[in-house]
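J.: Numbering (our numbering), first residue to last: 39 to 468.
We put the CB at the ideal spot given by N, CA and C, even for glycine.
Pasting in a structure now, in structure tokens, and then I'll have a few things to ask.
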């Protein structure tokens, strides 16, 4: 058992004591909000590069740029004076930045999952957030320090992809630790909106500075991410065990009572749907037998700290879990679409419409607004029908014609663009 977060220990000193049921409910709400904010910050720091691309390379549209005092416009540089070297003459470098980031992210994701199972999640998540914030901040130094070497930006993106991979394995595991095996399609549907909200927040912040000093498009999200990472370190318990609630969470929905005769714990289990009969039908013999088992295994419980002993599994064993490969492939194609929009949508809007960089960034957030509604509806349908695979396939199947329609008619006018972006985002379950 790891020590409680320092900030949380300080709060518990001044807070009144509560029964286990109330504590569990409040901790779950807090964990939901904290992990939501955490992964929101990860996505917030990924968004600025997509917004800033519109000023790194104006694609020959320098009439959209703000004039610079130290630049003389001539016939030779009329279409390139506004670009940030070396991206103006080598537009393919923008794609290199994305490729380096995503390859680093994908490769390090395997290592991140391995490390997350063997390291305390609070340390792992907070460290990943602080490092993600720092790499985002460093990218912004390219503008402040007037850096024009492609290798500087490649190295920063390489590092950013690696440290950003810490986010997803950590927040998902923390949520699973606290919510157990209960039906959670709707819960995770709402919770998964952190990706879309993070994209929106990142785009709004970046767009505020993109035409004046794009370095701040990275500074502000980077500093926010670091601050939230520090908050996670001091206040977030990664497991119920960290705050003495492991028995309530780990045993809910099973056929075993907690390994203690605590009346509050047993009373809480009676409130869980489906547990009333199991608890009430236990005879005094059953209870005494359970207590005897508790005494015999108390030493073991002190070491394990839960009703189930948690063991990390290997990569090959993870592949044998039913549904892992199938859902991984589905997520692969969903992410293919999602990251295309994440990194390129503002530039696409800027290139295909008369909108300036700031306006294009704001318009691109409409895609994520649709994604929030789609994720919540998919989670609700999954809970009601119990057919999560069918729900996923349906949304992914409908997203194909939606993408084709957007490509064909998205640039017609503003209202059509907004409507199609909402529909496309709604159907893209990432």
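Roughly how many whole angstroms lie between the Cα atoms of residue 192 and residue 138?
T.: Translated into the one-based positions of the chain shown, residue 192 becomes position 154. Translated into the one-based positions of the chain shown, residue 138 becomes position 100. Looking at the two C-alpha atoms, the distance is approximately 7 Å.
J.: Let's see if you can read the secondary structure: which residues bound the alpha helix (DSSP H) around residue 147?
T.: Within the chain shown, numbered from 1, the residue matching residue 147 stands at position 109. Unbroken alpha helix (DSSP H) run through residue 147: 130-154.
J.: Taking three-plus beta-carbon pairs below 8 Å as touching, is the stretch 157-175 in contact with the stretch 204-211?
T.: Pairwise C-beta distances place the stretch 157-175 in contact with the stretch 204-211, as three or more of them are shorter than 8 Å.
J.: Helix, strand or coil for residue 253 per DSSP?
T.: Here the question's residue 253 lines up with position 215 in the chain shown. Looking at residue 253 - three-state DSSP - the assignment turns out to be coil, as it is neither helix nor strand.
J.: Quick check: what's the CA-CA separation for residue 61 versus residue 270?
T.: Within the chain shown, residue 61 is the residue found at index 23, counting from 1. Within the chain shown, residue 270 is the residue found at index 232, counting from 1. Straight-line measurement puts the Cα of residue 270 at about 19 Å from the Cα of residue 61.
J.: Out of curiosity, what's the CA-to-CA distance linking residue 404 and residue 245?
T.: For the purposes of this step, residue 404 is taken as the residue at position 366 of the chain shown. For the purposes of this step, residue 245 is taken as the residue at position 207 of the chain shown. Computed Cα separation, rounded: 14 Å.
J.: Kindly indicate which residue of 230, 129, 123, 91 has the alpha-carbon position closest to the one of residue 412.
T.: Within the chain shown, the letter at position 374 stands for residue 412. Out of 230, 129, 123, 91, 230 has the C-alpha closest to the C-alpha of residue 412.
J.: Using the C-alpha atoms, what's the distance from residue 203 back to residue 338?
T.: Along the chain shown, one-based indexing puts residue 338 at 300. Along the chain shown, one-based indexing puts residue 203 at 165. Bear in mind that a pLDDT of 39 at residue 338, under 50, signals an unreliable position, so the number given afterwards is only what the model happens to contain. Going by the C-alpha atoms only, they are around 34 Å apart.
J.: Under 6 Å Cβ to Cβ from residue 418, same chain only, skipping five residues before and after it: list those, please.
T.: Counted from its first residue, the chain shown places residue 418 at position 380. Answer for residue 418: 224, listed in chain order.
J.: For residue 293, does the count of other Cβ atoms within 10 angstroms reach 16, so buried, or fall short, so exposed?
T.: The residue given as residue 293 occupies position 255 in the chain shown. Residue placement at residue 293 is poorly supported in this model, since its pLDDT is 34, which falls under 50; the coordinates still yield a value, given next. The residue is exposed, with fewer than 16 neighbouring Cβ atoms inside 10 Å.
J.: Please return the same chain residues whose Cβ sits closer than 7 Å to the Cβ of residue 300, not counting the five positions on each side in sequence.
T.: Locating residue 300 in the chain shown gives position 262, where the first residue counts as 1. No answer about residue 300 holds up, because its pLDDT of 43 lies below 50 and its placement is not dependable.
J.: Quick check: what's the CA-CA separation for residue 77 versus residue 406?
T.: Here residue 77 is taken as the residue at index 39 of the chain shown, counted from 1. Here residue 406 is taken as the residue at index 368 of the chain shown, counted from 1. Rounded to the nearest angstrom, the two C-alpha atoms are 15 Å apart.
J.: Looking at the structure shown, is residue 366 part of a helix, part of a strand, or coil, going by DSSP?
T.: For this step, residue 366 is matched to residue 328 along the chain shown. It is helical.
J.: What residues in its chain sit with their C-beta under 6 Å from that of residue 233, if we drop five residues either side in the sequence?
T.: Residue 233 sits at position 195 when you count from the first residue of the chain shown. Excluding positions up to five away in sequence, the list reads 81.
J.: Taking the continuous alpha helix (DSSP H) assigned at residue 359, which residues delimit it?
T.: In the chain shown, the residue the question calls residue 359 occupies position 321. Per DSSP, residue 359 belongs to no alpha helix (DSSP H) and is neither H nor E.
J.: Take residue 283 and list the residues in its own chain whose beta-carbon comes closer than 8 Å to its own, dropping the five residues that flank it on each side.
T.: Indexing the chain shown from 1 puts residue 283 at position 245. Around residue 283: 58, 61, 62, 65.
J.: DSSP three-state call for residue 315: helix, strand or coil?
T.: Indexing the chain shown from 1 puts residue 315 at position 277. Below a pLDDT of 50, predicted positions are generally treated as unreliable, and residue 315, at 48, falls in that range; no measurement from the model is reported.
J.: Is the beta carbon of residue 83 closer than 8 Å to that of residue 171?
T.: For the purposes of this step, residue 171 is identified with residue 133 of the chain shown, where counting begins at 1. For the purposes of this step, residue 83 is identified with residue 45 of the chain shown, where counting begins at 1. Yes. Within cutoff.
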